[in-house]
Structures are given as C-alpha cells and as structure tokens.
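**Student:**
2 protein chains.
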Amino acid sequence: MTREKPSSPNRARISSPDRPGSASWWLARGEPSTRRRRNRMLSLEAIADTALRLLDEHGIEAMTMRRLAEDLGCSQSSLYRHVRSRDELTIIVADQAIRLGMQAPPPGLDWRSEAEWLARGFRGFLLGHPSVALLLRGTERLGPNSLLGVESAVDRFIGAGLSPRHAAAAAGALATLIIGSVQFNLYLDATDPGEQQARQALYERLDPRTHPRMVRHAADIAGVGSEEEFEFGLKMLLDGIAVAVRGTADQLDG
Amino acid sequence: MTREKPSSPNRARISSPDRPGSASWWLARGEPSTRRRRNRMLSLEAIADTALRLLDEHGIEAMTMRRLAEDLGCSQSSLYRHVRSRDELTIIVADQAIRLGMQAPPPGLDWRSEAEWLARGFRGFLLGHPSVALLLRGTERLGPNSLLGVESAVDRFIGAGLSPRHAAAAAGALATLIIGSVQFNLYLDATDPGEQQARQALYERLDPRTHPRMVRHAADIAGVGSEEEFEFGLKMLLDGIAVAVRGTADQLDG
DNA sequence: TAGCTTAAGCGAACATCGTTTGCTTAAGAG
DNA sequence: CTCTTAAGCAAACGATGTTCGCTTAAGCTA
Numbered sequence: 003m004t005r006e007k008p009s010s011p012n013r014a015r016i017s018s019p020d021r022p023g024s025a026s027w028w029l030a031r032g033e034p035s036t037r038r039r040r041n042r043m044l045s046l047e048a049i050a051d052t053a054l055r056l057l058d059e060h061g062i063e064a065m066t067m068r069r070l071a072e073d074l075g076c077s078q079s080s081l082y083r084h085v086r087s088r089d090e091l092t093i094i095v096a097d098q099a100i101r102l103g104m105q106a107p108p109p110g111l112d113w114r115s116e117a118e119w120l121a122r123g124f125r126g127f128l129l130g131h132p133s134v135a136l137l138l139r140g141t142e143r144l145g146p147n148s149l150l151g152v153e154s155a156v157d158r159f160i161g162a163g164l165s166p167r168h169a170a171a172a173a174g175a176l177a178t179l180i181i182g183s184v185q186f187n188l189y190l191d192a193t194d195p196g197e198q199q200a201r202q203a204l205y206e207r208l209d210p211r212t213h214p215r216m217v218r219h220a221a222d223i224a225g226v227g228s229e230e231e232f233e234f235g236l237k238m239l240l241d242g243i244a245v246a247v248r249g250t251a252d253q254l255d256g
Numbered sequence: 003m004t005r006e007k008p009s010s011p012n013r014a015r016i017s018s019p020d021r022p023g024s025a026s027w028w029l030a031r032g033e034p035s036t037r038r039r040r041n042r043m044l045s046l047e048a049i050a051d052t053a054l055r056l057l058d059e060h061g062i063e064a065m066t067m068r069r070l071a072e073d074l075g076c077s078q079s080s081l082y083r084h085v086r087s088r089d090e091l092t093i094i095v096a097d098q099a100i101r102l103g104m105q106a107p108p109p110g111l112d113w114r115s116e117a118e119w120l121a122r123g124f125r126g127f128l129l130g131h132p133s134v135a136l137l138l139r140g141t142e143r144l145g146p147n148s149l150l151g152v153e154s155a156v157d158r159f160i161g162a163g164l165s166p167r168h169a170a171a172a173a174g175a176l177a178t179l180i181i182g183s184v185q186f187n188l189y190l191d192a193t194d195p196g197e198q199q200a201r202q203a204l205y206e207r208l209d210p211r212t213h214p215r216m217v218r219h220a221a222d223i224a225g226v227g228s229e230e231e232f233e234f235g236l237k238m239l240l241d242g243i244a245v246a247v248r249g250t251a252d253q254l255d256g
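Just so you know, the protein sequences line up as chains A and B, in that order. Following our numbering, the numbering of the first sequence begins with 3 at its first residue and continues without gaps. Following our numbering, the numbering of the second sequence begins with 3 at its first residue and continues without gaps.
#1: Mark A/Pro212 as exposed unless 16 or more other C-beta atoms lie within 10 angstroms of its C-beta, in which case mark it buried.
#2: Residue range of the alpha helix (DSSP H) that B/Ile100 falls in?
#3: Assign A/Ala173 to one of three DSSP states: helix, strand, or coil.
#4: Going straight from the alpha carbon of B/Thr155 to that of B/Leu120, what length do you get?
#5: With DSSP run on the structure shown, which of helix, strand or coil describes B/His219?
#6: How close, in whole Å, do the beta carbons of B/Val226 and A/Ala171 come, if the pair is a contact with beta carbons under 8 Å?
#7: In whole angstroms, what is the alpha-carbon distance linking B/Phe127 and B/Gln105?
#8: Give the residues of chain A in contact with B/Met104, contact being defined as C-beta atoms less than 7 Å apart.
#9: So, using beta-carbon positions, are A/Arg68 and A/Leu56 closer together than 8 Å?
#10: Whose CA, out of B/Tyr205, B/Ser133 and B/Ser183, lies closest to the CA of B/Met65?
#11: Less than 8 Å between the CB atoms is what I'm expecting for B/Gly259 and A/Gly182, so what's the real figure, rounded?
#12: For the stretch 233-250 of chain A, list every residue whose C-beta sits within 9 Å of some C-beta in chain B, in sequence order.
#13: Which residues bound the alpha helix (DSSP H) around A/Asp157?
#14: Anything in chain A within Cβ reach of B/His131, meaning under 8 Å, just list it in chain order.
#15: With 16 other CB atoms within 10 Å as the buried threshold, where does A/His60 fall?
#16: Locate the alpha helix (DSSP H) running through A/Ser45, then write down its first and last residues.
#17: Using C-beta distances below 7 Å, list every residue in its chain close to A/Ser17, excluding the 5 sequence neighbours before and after it, in chain order.
#18: Pick helix, strand or coil for B/Phe236, following the three-state DSSP scheme.
#19: Quick one: using the 10 Å Cβ neighbour count with 16 as the cut-off for buried, is B/Gln185 buried or exposed?
#20: Buried or exposed: which applies to A/Ser9, given that a residue is buried once 16 or more other Cβ atoms fall within 10 Å of its Cβ?
#21: From what residue to what residue does the alpha helix (DSSP H) around B/Ser79 run?
#22: Check the Cβ of A/His166 against every Cβ in chain B and list those closer than 7 Å, keeping chain order.
#23: Do the CB positions of B/Pro166 and A/Leu204 come within less than 8 Å of each other?
#24: Please confirm whether B/Met257 has its beta-carbon closer than 8 Å to some beta-carbon of chain A.
#25: Report all residues from its chain with a CB closer than 6 Å to the CB of A/Arg101; omit the five preceding and five following residues, and keep chain order.
#26: Indicate whether B/Leu46 and B/Thr92 have their beta-carbon atoms separated by less than 8 Å.
#27: Closer than 7 Å by C-beta to B/Ala246: which residues in its own chain qualify, once you throw out the five before and the five after it? Chain order, please.
#28: Listing by chain order, which chain B residues have their CB less than 9 Å from the CB of A/His213?
#29: Relative to the C-alpha of A/Ala162, which candidate in B/Ala117, B/Gly123, B/Arg215 and B/Asp222 has its C-alpha closest?
#30: Measuring alpha carbon to alpha carbon, tell me which residue in B/Gly249, B/Arg114 and B/Arg122 is nearest B/Leu179.
#31: Starting from B/Leu257, find everything on chain A with Cβ-Cβ shorter than 9 Å and list it in chain order.
#32: DSSP three-state label for A/Arg207, please.
#33: Taking Cβ positions, are A/Ile49 and A/His84 nearer each other than 8 Å?
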C-alpha cells in the first residue's frame, strides 16, 4: 500500500507549501510563485467567488462540493486540486467575505467613535449576509483578513493609550461581542415570532422566590431585541475600555 | 386487515406536542403527561445521558446516530421515536450539559463578585468539556436550562440597580463573552503550537505605515493567551456595567 | 380473560455528503 | 519533437441523517 516512492506523481495535489490553516498560508496563496502556470479552467479565486455567491443566494446548505462543481462547470474532484478540503474552503470563503465586509472608517474619529463605527458596520454587514455569519461560527480558524481586522482595532487601542496586551484583549472582546450578537440575532430571527411568546411562557413558570425580579419584569425583558442588546453591550464594553484608558493615562500622568 | 385509514398510523412519531426548539418544549418533556406509558426500553433521558457520555469520552465526531444506537443497544431508527432529529438531540444534550455545569454561587457576594464567580466557573466547565463547547457552537437555539442560567444573571443585575432591559443586555453580553472566549481558546489550542509562530509571521508582514504600533509590539501581542484575554475582557465588561449601575444610582439619588 | 388499538422497536433501504483513486490529456520546458 | 507534470475527470468509497413498512407487545375496553 504505502509506496516506497517518496514522490508519487499525484500525491500532493495542492501546490501551496503552507499548512492549510496557518496564518501565513492565505497570503502565500494567489501568487503562482513559480513559473509553472498551468491554470486551465479553475482557479482558487473562481472557486471562492462562486462559493460565496452560492452562500449568499441559496444559503449555507447549498454550499456543497457537488453544487459548487456544478455551478463552476467542473467535476467535484477537480475542486480538490485547488482546495485541500471543504473545511479549508470554508475558511477561505469566510475570510474573503470578511475582507469584502470591512470598510475603512472615516478619518478624524477618536478611538471610541471609530470602534463604534467599525463594530456597527461589521455587524450590519453580517446581518445582511446571514450565511457568512453562520460560516464564521463553523470555521475552526480565522483567515488572515479576519485577523487583520481584529489587529487593526488592536493598533487603534494601543494608540488610545492601552498597553499592547490590554489592547489585544479589548479587540478580542469586541470581536466576540459582535459575532456573538449576530449569531444570537440569527437563531432568534430564524424562528417564527412565536418564539418570544414561548420565552415569556418560560418566564412565567419561574419560581418567584428564586427569581423575584425576573417574574416582575418578564414582559419587559422578553421584549429586548438583539439590536438593543448589542448597542448596550457595546456601550458597556467601551465604557470599560475607557476606564482602562483613563487608568493608563492617570498612571502616566502621576 | 388493510384498513382504509387516511391518516397513516405512524405518521406523528413523537408524542410531545410542542415545536422542537421552542422554549416551552423542553419543560413539557419528561412528563409522560397522558396515562399512556409504553416505555419499553429507551427513554429520552437514557438517550441524552448516553449521548453526553459519548461526547465527553470520544469527542463530538463520535456522537452519531449509529454509534449512539450501538451504545444503547437499539437500532438507529428507534432513536427517532424519542427525538425528532439530530439537531434536536444536539439542543437537548447541550442543555443538559449546561445544567450539569452550572453551580450556585456562594451566598453573600456582591453583584460583581458573583458575576465573576459565575463567569469563571462556567468557562472552566466548558474548558473541561471541549465537546460541549463545540456543541454550543452548533446549536441553533438555547435550551431552557441555558436560558435559565442567563436569566439568573439578569435577575442579579436588576438587583444591582440596572433597569430590566439593561440587565438583560448585560447578561447577554456576559454570556457571549464567555462562550466566545472558550471557542477562541478551542481553535487556538486545537492546533500545534506553531500557530503562534504563524501569527507572528503574519504580523511581520504588516505594513509599518498602516499598523505602526502593531509591528512594534507584535511579539507581545502574539503572546496574549485566551485566559488573559478573557480575564481582561471580563474586567472591562464589568467595569462598564459598574458605570451603568453607578449611573442608575446617581439618577435615583439626584 | 379476550380482543382491539396503538406506539415502541426494527431491518433495510434512501438520498446525500466529503473524499479518494487511477486514469486521460494537454501545457510548458528542454 | 519529446518528456515531464499537473489539471481535470468518472466512478467509486465510506459515512452520515433520515424514512418506510413491518412486527410485537403493552394497555385499555368489554
């Protein structure tokens, strides 16, 4: 079974030398690097583009290798000449979508306004492309474009006065909040509006002795949508970051 | 023998009347409700227990309907007498795991200490049961036990002085931060330690003009682990909540 | 107790899915 | 022109979740 030949003719079916998920890998793609240009029909870009379109138009369940090959007019097995696995394709597509969804903020904003601008913008993009948000949930790694987006915020927070480590944590918390909010919004909106009624029914079954205030304000709480939840969560997180920024400033001053 | 029944005898194979994901549904389970007790071998509890054990011992990929049936000593198709689909089973198992993972905090803590206690405890539980965290990522809804956990925090925040709506948003943000942190921790630890090296390589390719501070502190930032990120994110979020609490108090005082 | 109803359980399929294998074919290097 | 080599392909492989009739026995009614 295991051939003694270390170089079987078609063993390594992908030209890229890097590991599929490593951060340096995506940047290494795209460049045919060596003079060997044998691209006949397919290309990684075409595959990613078609997959993204399939995702947006027909949902995440339509993004199968078969359907993708059909839309590209090739066979399934040909896809594996450009992509190691479906998981790798998932990372690529998610990363490409994020790259398309991120926009540079207008200049001249203070750190807090810029963070709000970026957060709202990215959340809005994800809400407009629900399948991409679902894809983000499924990927096991972040592509370099995604990392770059996070790290831009890190850079900004350092500029605001945070230590590098604190800035990294702040940006990570911000990204977590955005993506989590969208995911919550998705599985809440995915159902019929009777979901709120069901939640309220749950509240009404609560024991008033253990959750006295919940019972009193059940209707009020059940009415909190993901938009309101996100906005207040964002405010709280940025308030907390502001505390840290001020603390650093005080430390520098005193 | 062959009766002219227009309604196929075995059409509705699940006795529970509620929709599979609605919040009122889980509570409605467990009660055999009507006098009809036909349980011969299987039960929803046994299925959920076995699935959870399978999940913890052999990972999320081992939780297939076939393997589950094998461990239970029944056929695959029998499972569908108690569970509508694998997705529903996923929700049930995740919810059960969360119920097991949540513990009551020691009494006498102020709201902030209690929030920290709950957050660290739940995060620790999830880190100890990685497959459960992965399961949470895949579920489209939260089970009632999960909702109850969040809503306990809501109750506590109301007690601290927040408005019900703000308390709901705060608890949601907290839950998002915890789960997001664990998920980040998972796909970071799942890889070989060369991941950090890869990230650092990405940093080194950054344009110093667009990310001047990033380039300077690349090594420092790459060293931030998910533990540190979580702790600082938690601190920031609670600082922000404290700001809101203080604001409410001020509003009441003045 | 006898008889009828009904749901739990089962074997066998069905429709997919992601992936692999061995081959053909043609582009580019020498 | 020849030879190397990678892109592309048809067909299959193994695995998944799920459905379809059927059997069987528990529980209700008489």
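From the three backbone atoms N, C-alpha and C, an ideal C-beta is built for every residue, glycine too.
**Tutor:** Working from what's here:
#1: In the first sequence, counting from the first residue as 1, residue 212 of chain A sits at position 210. Inspection of the sequence shows that residue 212 of chain A is occupied by Thr rather than by Pro. If you draw a 10 Å sphere on the C-beta of A/Thr212, you find fewer than 16 other C-beta atoms in it, and that means exposed.
#2: Your numbering for residue 100 of chain B matches position 98 in the second sequence. Here the alpha helix (DSSP H) through B/Ile100 covers Arg88 to Gly103.
#3: Here residue 173 of chain A is taken as the residue at index 171 of the first sequence, counted from 1. Taken through DSSP and simplified to helix, strand or coil, A/Ala173 comes out as helix.
#4: The sequence position of residue 155 of chain B within the second sequence is 153, counting from 1. The sequence position of residue 120 of chain B within the second sequence is 118, counting from 1. Sequence check: residue 155 of chain B is Ala here, not Thr. Linking B/Ala155 to B/Leu120 through their CA atoms gives a straight-line distance of about 9 Å.
#5: The sequence position of residue 219 of chain B within the second sequence is 217, counting from 1. B/His219 falls in the coil class under three-state DSSP.
#6: Residue mapping note: residue 226 of chain B aligns to position 224 of the second sequence, counting from 1. Residue mapping note: residue 171 of chain A aligns to position 169 of the first sequence, counting from 1. At roughly 6 Å, the Cβ-Cβ gap stays under 8 Å, so B/Val226 and A/Ala171 are in contact.
#7: Numbered from 1 along the second sequence, position 125 holds the residue referred to as residue 127 of chain B. Numbered from 1 along the second sequence, position 103 holds the residue referred to as residue 105 of chain B. B/Phe127 and B/Gln105: Cα-Cα distance of roughly 10 Å.
#8: Within the second sequence, residue 104 of chain B is the residue found at index 102, counting from 1. The premise fails here: B/Met104 is roughly 13 Å from chain A at the closest Cβ pair, so nothing lies under 7 Å.
#9: Taking the first residue of the first sequence as position 1, residue 68 of chain A is located at position 66. Taking the first residue of the first sequence as position 1, residue 56 of chain A is located at position 54. No, these two residues do not count as a Cβ contact at 8 Å.
#10: Within the second sequence, numbered from 1, the residue matching residue 65 of chain B stands at position 63. Ranking B/Tyr205, B/Ser133 and B/Ser183 by Cα distance to B/Met65 puts B/Ser133 first.
#11: Since the first residue of chain B shown is 3 and the last is 256, residue 259 of chain B is not available in this structure.
#12: If the cut-off is 9 Å between Cβ atoms, the stretch 233-250 of chain A has Glu233, Phe234, Gly235, Leu236, Lys237, Met238, Leu239, Leu240, Asp241, Gly242, Ile243, Ala244, Val245 and Ala246 near chain B.
#13: Looking up residue 157 of chain A in the first sequence gives position 155. Element bounds for A/Asp157: Pro146 to Ala162.
#14: Here the question's residue 131 of chain B lines up with position 129 in the second sequence. Those do not exist, as B/His131 stays about 18 Å from chain A at its closest Cβ, beyond 8 Å.
#15: Taking the first sequence and counting its residues from 1, the one referred to as residue 60 of chain A is at position 58. It is exposed - the Cβ of A/His60 has fewer than 16 other Cβ atoms within 10 Å.
#16: Within the first sequence, numbered from 1, the residue matching residue 45 of chain A stands at position 43. Here A/Ser45 belongs to no alpha helix (DSSP H), and DSSP marks it neither H nor E.
#17: Taking the first residue of the first sequence as position 1, residue 17 of chain A is located at position 15. Reliability fails at A/Ser17, whose pLDDT of 45 lies under 50, so the model's placement of it is uncertain and the value that follows must be treated cautiously. So no residue of the chain qualifies.
#18: In the second sequence, counting from the first residue as 1, residue 236 of chain B sits at position 234. At residue 236 of chain B the sequence reads Leu, which differs from the Phe that was named. Helix.
#19: Here residue 185 of chain B is taken as the residue at index 183 of the second sequence, counted from 1. Per the 10 Å Cβ criterion, buried.
#20: Here residue 9 of chain A refers to the residue found at position 7 when the first sequence is read from its first residue. At A/Ser9, the pLDDT of 37 sits below 50, so the modelled position is not reliable; the number obtained from the coordinates is stated separately. With fewer than 16 Cβ atoms within 10 Å of its Cβ, A/Ser9 is classed as exposed.
#21: One-based indexing of the second sequence puts residue 79 of chain B at position 77. Gln78 to Leu81 is the span of the alpha helix (DSSP H), which, as asked, contains B/Ser79.
#22: Taking the first residue of the first sequence as 1, we reach residue 166 of chain A at position 164. Per the sequence presented here, residue 166 of chain A reads as Pro, with His not at that position. In chain order: His219, Asp222 and Ile223.
#23: On the second sequence, position 164 is the one that residue 166 of chain B refers to. On the first sequence, position 202 is the one that residue 204 of chain A refers to. No, the pair does not count as a contact, with Cβ atoms beyond the cut-off.
#24: In this structure chain B extends from 3 to 256, so residue 257 of chain B is not present and cannot be described.
#25: Taking the first sequence and counting its residues from 1, one reaches residue 101 of chain A at position 99. Only Asn147 meet the Cβ criterion.
#26: Along the second sequence, one-based indexing puts residue 46 of chain B at 44. Along the second sequence, one-based indexing puts residue 92 of chain B at 90. For B/Leu46 and B/Thr92, no; Cβs fall outside 8 Å.
#27: Counted from its first residue, the second sequence places residue 246 of chain B at position 244. Excluding the 5 residues flanking it on each side, B/Ala246 has same chain C-beta neighbours closer than 7 Å at Leu164 and His168, in chain order.
#28: Numbered from its first residue, the first sequence carries residue 213 of chain A at position 211. In chain order: Leu150, Glu153, Ser154, Val156 and Asp157.
#29: Sequence index remark: in the first sequence, residue 162 of chain A carries index 160 (1-based). Nearest option by C-alpha distance: B/Arg215.
#30: Indexing the second sequence from 1 puts residue 179 of chain B at position 177. Nearest C-alpha to B/Leu179: B/Arg122.
#31: Since the first residue shown for chain B is 3 and the last is 256, residue 257 of chain B is missing from the structure and cannot be characterised.
#32: As a working note, residue 207 of chain A is residue 205 in the first sequence. In this structure, A/Arg207 counts as coil in the three-state DSSP scheme.
#33: As a first step, residue 49 of chain A is located in the first sequence; it is residue number 47 there, counting from the start. As a first step, residue 84 of chain A is located in the first sequence; it is residue number 82 there, counting from the start. Contact flag set, yes.
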